[in-house]
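I have placed the structure first, in the form of structure tokens, so that the comments after it can refer back to it.
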Amino acid sequence: MTKKYQSITNKMYPAAFILLLLLAWSLVCVSKIVPPYLLPSPYAVIEALAGDFPLLAAHAGTTLTEALFGLFLSVVFGVLTACVMDRFEPLYLAVYPVLVLTQTIPAIAIAPLLVLWMGFGMAPKVLLIFITCFFPIAVSTLSGLRSVDQDVVDLFRSMGASPLQILARVKLKASLDSFFAGLKLAAAYSIIGAVISEWLGGAGGLGVYMTRVRKAYAFDKMFAAIILISLVSLLLMKFIEIIHKKSMPWR
Numbered sequence: 004m005t006k007k008y009q010s011i012t013n014k015m016y017p018a019a020f021i022l023l024l025l026l027a028w029s030l031v032c033v034s035k036i037v038p039p040y041l042l043p044s045p046y047a048v049i050e051a052l053a054g055d056f057p058l059l060a061a062h063a064g065t066t067l068t069e070a071l072f073g074l075f076l077s078v079v080f081g082v083l084t085a086c087v088m089d090r091f092e093p094l095y096l097a098v099y100p101v102l103v104l105t106q107t108i109p110a111i112a113i114a115p116l117l118v119l120w121m122g123f124g125m126a127p128k129v130l131l132i133f134i135t136c137f138f139p140i141a142v143s144t145l146s147g148l149r150s151v152d153q154d155v156v157d158l159f160r161s162m163g164a165s166p167l168q169i170l171a172r173v174k175l176k177a178s179l180d181s182f183f184a185g186l187k188l189a190a191a192y193s194i195i196g197a198v199i200s201e202w203l204g205g206a207g208g209l210g211v212y213m214t215r216v217r218k219a220y221a222f223d224k225m226f227a228a229i230i231l232i233s234l235v236s237l238l239l240m241k242f243i244e245i246i247h248k249k250s251m252p253w254r
């Protein structure tokens with residue numbers, strides 16, 4: 004009972020903070036410190052969200068599809084890269100600094116190049132999401148693989164286990180926490196990467212929708228799109244959290 008009460012209490016703090024922000028936002032709008040066409044009221048944003056919801060949902064479906072494709076590819080190649088780097092030390096020493104270096108290049112700087120090379124279809128968007136999500140998944144998985152107790156590895160090796168068996172039965176299971184931590188971060192990045200790539204053009208997506216309403220100075224719809232992007236990101240992260248718990252029932 005105490006644990007349940009503590010859980011409810013912990014959730015009240017962020018809820019109260021969000022309500023406080025909404026109140027401050029409403030007061031700024033009522034006092035007209037900022038012109039209404041630049042900062043619409045929360046009510047105007049909710050009204051725009053409800054009125055444009057069918058269109059927003061269609062665009063959100065496109066963005067989510069791109070994000071999931073890119074995220075899936077980054078999981079496959081990120082985990083494979085981490086496993087190979089953990090197995091071969093020279094490869095780790097050669098590749099890891101390059102991985103870190105790639106993070107100094109902002110995604111928004113790469114996006115125009117990908118569009119020039121690959122056009123306005125889904126391919127450049129998925130590739131940008133892959134580039135954005137690959138690093139946190141690869142690095143977090145690698146960190147988990149390298150943090151395994153060496154005594155456990157030596158025990159399995161002394162019992163005749165092959166490197167592949169050690170990887171499957173010891174290292175991958177021990178690195179699940181680190182992997183899912185990186186995956187949650189990558190899930191948020193995937194939605195952001197999809198929206199950024201859509202700003203540069205395309206047939207659909209929340210980024211395309213935001214570009215259109217920005218040109219029409221419909222800032223209430225712009226805020227509605229931002230709220231929907233946040234909700235989609237939170238739902239995707241929550242889904243990954245559920246998978247995390249299901250994948251580790253011993254916890």
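If you count the sequence shown from 1, you need to add 3 to reach our numbering. All C-beta atoms in this analysis are idealised placements derived from N, C-alpha and C, irrespective of residue type, glycine included. Quick caveat: nothing in here was measured; it's all calculated off a predicted structure.
Would you tell me roughly how many angstroms separate the C-alpha atoms of residue i and residue j, rounded to the nearest one?
i      : j      : result
Gly73  : Leu148 : 23 Å
Leu52  : Phe137 : 32 Å
Val173 : Tyr95  : 20 Å
Gly81  : Leu41  : 42 Å
Ala206 : Val216 : 15 Å
Cys86  : Val142 : 11 Å
Leu234 : Ser250 : 24 Å
Phe182 : Val155 : 20 Å
Ile140 : Phe75  : 11 Å
Lys218 : Gly210 : 13 Å
Ile243 : Leu158 : 33 Å
Shortest alpha-carbon distance to residue i belongs to which of the options?
i      : options                          : result
Ser229 : Ala221, Ile243 and Met213        : Sequence inspection shows Ile at residue 229; the Ser mentioned does not correspond to that position. Closest option to Ile229, Cα to Cα, is Met213.
Leu179 : Leu23, Val78 and Lys14           : Val78
Phe91  : Leu145, Leu22, Ala63 and Phe20   : Leu145
Ile132 : Pro38, Asp223, Lys35 and Ile195  : Ile195
Lys187 : Thr135, Gln153, Thr65 and Ile169 : Thr135
Kindly indicate which three-state DSSP category residue i falls into: helix, strand or coil?
i      : result
Ile36  : coil
Tyr212 : helix
Asp89  : helix
Gly147 : helix
Asp55  : coil
Leu41  : coil
Phe123 : coil
Ala164 : coil
Ser233 : helix
Leu104 : helix
Ser29  : helix
Leu203 : coil
Pro252 : coil
Ser178 : coil
Asp152 : coil
Pro109 : coil
What do you get for residue i, buried or exposed, if any count of 16 or more other CB atoms within 10 angstroms of its CB means buried?
i      : result
Gly122 : exposed
Glu69  : buried
Ala227 : buried
Ala19  : exposed
Phe222 : buried
Ser34  : exposed
Met225 : buried
Leu231 : buried
**OP:** Would you be able to state if there are at least three C-beta pairs under 8 Å between the region 180-194 and the region 43-51?
**Re:** no
Original post:
Just checking, does the region 123-130 make contact with the region 157-171 on the three C-beta pairs under 8 Å criterion?
Top reply: no
**OP:** Determine, using beta-carbon pairs with one atom in the region 199-206 and one in the region 106-117, whether at least three such pairs fall under 8 Å.
**Re:** yes
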